[in-house]
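Engineer: Just remember that the numbering used here sits 16 ahead of the position in the sequence shown, which is counted from 1.
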Amino acid sequence: MYKVLIFDIKDSRKISNREDLQKTLITLIKECNRIFKEYILSPFCITCGDEWEGLLTINSPHLEIQRFFKNALPSNINFYFGIGIGEISIKDFSLPTNCLDGEAFIKAREELNKAKSNNIFS
């Protein structure tokens, strides 16, 4: 069993200085990958502009990771969050996260989409 976390910035198209936010996000993702490296199987990476995901061990502290991003991002930036627990079909952890697939990724995407449709964000 694995755990996948997917994050997506809320209303990112309305953010005036998206380039600065992107640079900040890249820095924070690198820091997150360093801080939580013992739990990360495939490092967090940006998958689409303002969305990022990572593959973690089942016992990873996902709420701490979510809090890390909430506390580190500018206070006017909110994000949606999806978590998926399950198997994965591609287990080559040398590949970037966006090249992996499986049940855990599908469930995380479903949860992210639920958060978006219900406007539940961090």
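Cβ atoms here follow ideal geometry from the backbone N, Cα and C, with glycine treated the same way. On a predicted model such as this, the values are computed, not experimentally measured, just so you know.
Do the CB positions of S91 and L71 come within less than 7 angstroms of each other?
Structural biologist: No, the pair does not count as a contact, with Cβ atoms beyond the cut-off.
Engineer: Which term fits T113, buried or exposed, when burial requires 16 or more other beta carbons within 10 angstroms of its beta carbon?
Structural biologist: Buried.
Engineer: Counting along the chain, where does the beta strand (DSSP E) carrying I56 start and finish?
Structural biologist: It spans I56 to C64 - the beta strand (DSSP E) in which I56 sits, taken as one unbroken run.
Engineer: Start and end of the alpha helix (DSSP H) containing E35?
Structural biologist: Per DSSP, E35 belongs to the alpha helix (DSSP H) from R34 to I51.
Engineer: By the three-class DSSP mapping on this structure, what secondary structure does F84 have?
Structural biologist: DSSP places F84 in helix when its eight states are reduced to three.
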